[in-house]
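*Asks:*
4 protein chains.
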Amino acid sequence: MSEVDGPLYIAVCGSATDEEPACSNAEEVGRLLAREGAILVCGGLTGVMEAACRGARSEGGLTVGLLPSEDRADANAYVDVAIPLGLGEVRNALLVRACDAVIALTGEFGTLSEIGFALKIGKPVIGLDTWQLSNRGGRVTAIVEAGSPADAVRKALVAGSA
Amino acid sequence: MSEVDGPLYIAVCGSATDEEPACSNAEEVGRLLAREGAILVCGGLTGVMEAACRGARSEGGLTVGLLPSEDRADANAYVDVAIPLGLGEVRNALLVRACDAVIALTGEFGTLSEIGFALKIGKPVIGLDTWQLSNRGGRVTAIVEAGSPADAVRKALVAGSA
Amino acid sequence: MSEVDGPLYIAVCGSATDEEPACSNAEEVGRLLAREGAILVCGGLTGVMEAACRGARSEGGLTVGLLPSEDRADANAYVDVAIPLGLGEVRNALLVRACDAVIALTGEFGTLSEIGFALKIGKPVIGLDTWQLSNRGGRVTAIVEAGSPADAVRKALVAGSA
Amino acid sequence: MSEVDGPLYIAVCGSATDEEPACSNAEEVGRLLAREGAILVCGGLTGVMEAACRGARSEGGLTVGLLPSEDRADANAYVDVAIPLGLGEVRNALLVRACDAVIALTGEFGTLSEIGFALKIGKPVIGLDTWQLSNRGGRVTAIVEAGSPADAVRKALVAGSA
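As they're listed, the protein sequences go chains A, B, C and D. The opening residue of the first sequence carries number 587 in the working numbering; numbering runs sequentially from there. The opening residue of the second sequence carries number 587 in the working numbering; numbering runs sequentially from there. The opening residue of the third sequence carries number 587 in the working numbering; numbering runs sequentially from there. The opening residue of the fourth sequence carries number 587 in the working numbering; numbering runs sequentially from there.
1. Using the Cβ count rule (16 or more neighbours within 10 Å means buried), how would you classify S734 of chain D?
2. Under 7 Å between beta-carbons, which chain D residues line up against D715 of chain A? List them in chain order, please.
3. Can you tell me the Cα-Cα spacing of L680 of chain A and G651 of chain A, whole angstroms?
4. Show which residues of chain A have a CB atom less than 8 Å away from the CB atom of V688 of chain D.
5. Take C628 of chain B as the anchor and find which of B:L619, B:C639, B:E622 and B:R621 has the nearest alpha-carbon.
6. Use the C-beta contact count for A612 of chain B: other C-beta atoms within 10 angstroms, 16 or more gives buried, fewer gives exposed.
7. From E589 of chain B to R658 of chain A, what distance separates their C-alpha atoms?
8. For A738 of chain A, which residues of its own chain have a beta-carbon under 7 Å away from its beta-carbon, when the five flanking residues on both sides are left out?
9. Just checking: is the beta-carbon of E589 of chain C within a distance shorter than 8 Å of some beta-carbon in chain D?
10. In angstroms, rounded to a whole number, what distance separates the CA positions of E694 of chain B and G672 of chain C?
11. Nearest chain C C-beta to L673 of chain A closer than 8 Å, yes or no?
12. For a test of the three-state rule: what should DSSP assign to C599 of chain B, helix, strand or coil?
13. Just to make sure I have the definition right: I need the residues of chain C whose C-beta is within less than 7 Å of the C-beta of L680 of chain D. Which are they?
14. Give the straight-line distance between the Cα atoms of E675 of chain C and F703 of chain B, rounded to the nearest whole angstrom.
15. Excluding five sequence neighbours on each side, which residues of the same chain lie with their C-beta closer than 7 Å to the C-beta of A668 of chain A?
16. Taking the alpha carbon of S699 of chain B as the point to measure from, which residue in B:L619, B:C599, B:P670 and B:L648 has its own alpha carbon closest?
17. Between the Cα of T727 of chain C and those of B:W717, B:V730 and B:E636, spot the shortest distance and give me the residue it belongs to.
18. Below 7 Å, is the gap between the Cβ of G723 of chain C and the nearest heavy atom of the ligand FMN?
19. Just verifying my parser: in three-state terms, what is the DSSP assignment at I625 of chain A?
20. Expressed to the nearest angstrom, what Euclidean distance is found between the alpha-carbon atoms of R683 of chain A and G623 of chain A?
21. Go ahead and pull the three-state DSSP assignment for L652 of chain B.
22. Could you check where the beta strand (DSSP E) with S720 of chain A kicks off and where it finishes?
23. Can you confirm whether V634 of chain C, when its beta carbon is compared against all beta carbons of chain B, has any partner nearer than 8 Å?
24. Between the C-alpha atoms of A637 of chain C and N721 of chain B, what's the straight-line distance to the nearest angstrom?
25. Name the chain D residues that come within less than 8 Å of R683 of chain C, Cβ to Cβ?
26. With 8 Å set as the bound, which would you pick, yes or no: does the beta-carbon of S699 of chain C sit closer than that to a beta-carbon of chain B?
27. Note down, in chain order, every chain C residue with its Cβ under 8 Å from the Cβ of I625 of chain D.
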């Protein structure tokens, strides 16, 4: 890809619930991504997704929501471009394809599917308090760990530009 | 759906070639959609898609391209939000799902697939110099015919708001 | 593709309703495909799809249903391999991808979407009492017309082997 | 779902490489699934997928391959029904949807994405020498561990019937 001339697209993944500190982290990630001119891509729903969009919106950033349902009204109020794909959780794979890097904030099994898909197709994954992976007893360190929202954004922008 | 509070999303469909008058019509459709505050959704490539995006951009409108490839760089220069779905022509079906109404400008078999999918799921289709349909010898008038770009946009906005 | 060593996969498309003569034609098409050793692929539901599967099953043929829902129980009783894709009407595009040729029996807008996808990606379409296409006032003869179920099957096997 | 009257569909997931003991385990899993009358669903390619299909075929079982490419010829020689989806790795999500339970044999990131999707949509996952999951430092035991191919098949059939 040659995204040299365009903005970076960064996916923010996490639970649809109001879990903390993931939502506070997501809002800060959204703010920082917007300040850097990145486009925020997410699943468009509640919880971590909504917090990230709210943060981005507060800094004038552009937010994109790829929705599982066919109903655009399912998007949270801070999504600028809502795409109702109607594919259910298959949209997790498309979300990963659409971005240059993934930031995973805690999250549940949906986030795990996004991590797996991203690693499979070679998209960088930055994790903050999220899944850790082992296979056959050995730790797999494919997720780049971040220590804070700012650290996650910095690492995502670098990895996504590579 | 309750899009009362949000913008309309209008899909513009047509060939990736520089055929006329489809491209001139697309550019005018893009301009008019932007003036009305609608978000333009299209396949993101060349020809009618690019002309529509160029028109919308010239009036400050927002343009979304759902790309068949996995490569965002395939988007034309006037796409604001480029989503590389990597699904090939399956994206035609998702383009239709993402919009409130379809404007078909001449077009080839890809446009025909979009028309068929839109009619199947109940999305209004406005046609300008495009496909005409018959089944078992009888004309099927499911495509709303428009006489000009302005007429097409007017009809799409009305039908898409219903 | 090099299907020289394997069976042909032929898609049978049409309405989910019990319309005639489409269903009788579908059953005969299914029988004939099975006798020729072709695998029948369809949308897996009722009407033309069920009739085609019933015909194929009666001759010991193998039937595959690509279902729009996530629920395998939606398949008709004559589907041997039921794949619940959960993609809604997007499965129409995948059905076309999965086959070597399409036989369209009358049908409605879903069938039209399948015809459009097939022609777009270069899969042969054989029609029996189905859609006729015009564009900008000129007849488009991309659908190969058949005069009977036997003629449709013969033409599909030839075109699908090319 | 009411699969009471039909066969179980069991997905076998793992690497496309010839890694051991995953491939030997896959072949045994395939044999045992076929003996139990289950339909084997897999990604249709080489490595673990091919070994599983070879095992099932040797016992007269039915094998289904959901291929990432548009080319049916990419299927391994032991696939009975090859569906070229043309969706790339998105097919991992559809593979999971198509089955009643997943058996994961070691595997890499693609297998991880399948595990994530399966757990997200509530499909049971049986693992043999495969991924282990932790989140925020705590072990997540959502994958049912098996001690042998026979144990994996037994657990998959029980969980998939529930």
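By construction, the Cβ of each residue, glycine as well, lies at the ideal position given by its N, Cα and C atoms.
*Replies:* A quick look at the data gives this:
1. Along the fourth sequence, read from residue 1 onward, the residue named residue 734 of chain D stands at position 148. S734 of chain D is exposed by the Cβ-count criterion.
2. Within the first sequence, numbered from 1, the residue matching residue 715 of chain A stands at position 129. Here the neighbours are R722.
3. Walking along the first sequence from the start, residue 680 of chain A turns up at place 94. Walking along the first sequence from the start, residue 651 of chain A turns up at place 65. Annotation: L680 of chain A to G651 of chain A spans about 11 Å, alpha carbon to alpha carbon.
4. On the fourth sequence, residue 688 of chain D is found 102 positions in, with the first residue counted as 1. By Cβ distance, chain A contributes nothing, its closest Cβ being about 12 Å from V688 of chain D, past 8 Å.
5. Position 42 of the second sequence, counted from the start, is the residue given in the question as residue 628 of chain B. Ranking B:L619, B:C639, B:E622 and B:R621 by Cα distance to C628 of chain B puts B:C639 first.
6. Taking the second sequence and counting its residues from 1, one reaches residue 612 of chain B at position 26. With 16 or more other Cβ atoms within 10 Å, it is buried.
7. Position 3 of the second sequence, counting from 1, holds the residue named residue 589 of chain B. Position 72 of the first sequence, counting from 1, holds the residue named residue 658 of chain A. Residue placement at E589 of chain B is flagged as unreliable, the pLDDT there being 45, under the threshold of 50; the coordinate-derived value follows with that caveat. For E589 of chain B and R658 of chain A, the distance between alpha carbons rounds to 8 Å.
8. Taking the first sequence and counting its residues from 1, the one referred to as residue 738 of chain A is at position 152. Result list for A738 of chain A: V615, I689, I712, L714 and A732, in chain order.
9. Locating residue 589 of chain C in the third sequence gives position 3, counting from the first residue. For E589 of chain C, the predicted structure reports a pLDDT of 44, less than 50, and the residue's modelled location is therefore unreliable. A value from the coordinates is still provided. Chain D contact via Cβ: present.
10. Indexing the second sequence from 1 puts residue 694 of chain B at position 108. Indexing the third sequence from 1 puts residue 672 of chain C at position 86. Looking at the two C-alpha atoms, the distance is approximately 28 Å.
11. Reading the first sequence from its first residue, position 87 is the one you call residue 673 of chain A. It does; some Cβ of chain C falls within 8 Å.
12. Here the question's residue 599 of chain B lines up with position 13 in the second sequence. Look at C599 of chain B here: in three-state DSSP terms it is strand.
13. The residue you call residue 680 of chain D lines up with position 94 of the fourth sequence. Using a Cβ-Cβ cut-off of 7 Å, L680 of chain D is close to L671 of chain C, given in chain order.
14. Along the third sequence, read from residue 1 onward, the residue named residue 675 of chain C stands at position 89. Along the second sequence, read from residue 1 onward, the residue named residue 703 of chain B stands at position 117. Roughly 8 Å between the two C-alpha positions.
15. For this step, residue 668 of chain A is matched to residue 82 along the first sequence. Excluding residues within five positions, the ones whose Cβ falls inside 7 Å are G630, G651, L653, R658 and A661.
16. Against the second sequence, residue 699 of chain B aligns to sequence position 113. For S699 of chain B, the nearest C-alpha among the options comes from B:C599.
17. In the third sequence, counting from the first residue as 1, residue 727 of chain C sits at position 141. With distances taken between CA atoms, T727 of chain C lies nearest to B:W717 out of B:W717, B:V730 and B:E636.
18. Judged by which ligands are present, the structure shown has none, so any question about the ligand FMN falls away.
19. By 1-based counting over the first sequence, the position of residue 625 of chain A is 39. DSSP, reduced to helix, strand and coil, places I625 of chain A within a strand of the structure shown.
20. By 1-based counting over the first sequence, the position of residue 683 of chain A is 97. By 1-based counting over the first sequence, the position of residue 623 of chain A is 37. For R683 of chain A and G623 of chain A, the distance between alpha carbons rounds to 20 Å.
21. For the purposes of this step, residue 652 of chain B is identified with residue 66 of the second sequence, where counting begins at 1. Strand.
22. In the first sequence, residue 720 of chain A corresponds to position 134, counting from 1. Where S720 of chain A is concerned, the enclosing beta strand (DSSP E) starts and stops at W717 to N721.
23. Position 48 of the third sequence, counted from the start, is the residue given in the question as residue 634 of chain C. No, its Cβ sits nowhere closer than 8 Å to a Cβ of chain B.
24. As a working note, residue 637 of chain C is residue 51 in the third sequence. As a working note, residue 721 of chain B is residue 135 in the second sequence. One alpha carbon belongs to A637 of chain C, the other to N721 of chain B, and they sit about 21 Å apart.
25. Counting from one through the third sequence, the residue named residue 683 of chain C turns up at place 97. What R683 of chain C touches in chain D: E656, P670, L671 and G672.
26. Mapped onto the third sequence, residue 699 of chain C falls at position 113. Among the residues facing chain B, S699 of chain C is included, as its CB has a counterpart in that chain under 8 Å away.
27. Indexing the fourth sequence from 1 puts residue 625 of chain D at position 39. Going along chain C in sequence order, the residues near I625 of chain D (Cβ under 8 Å) are V667.
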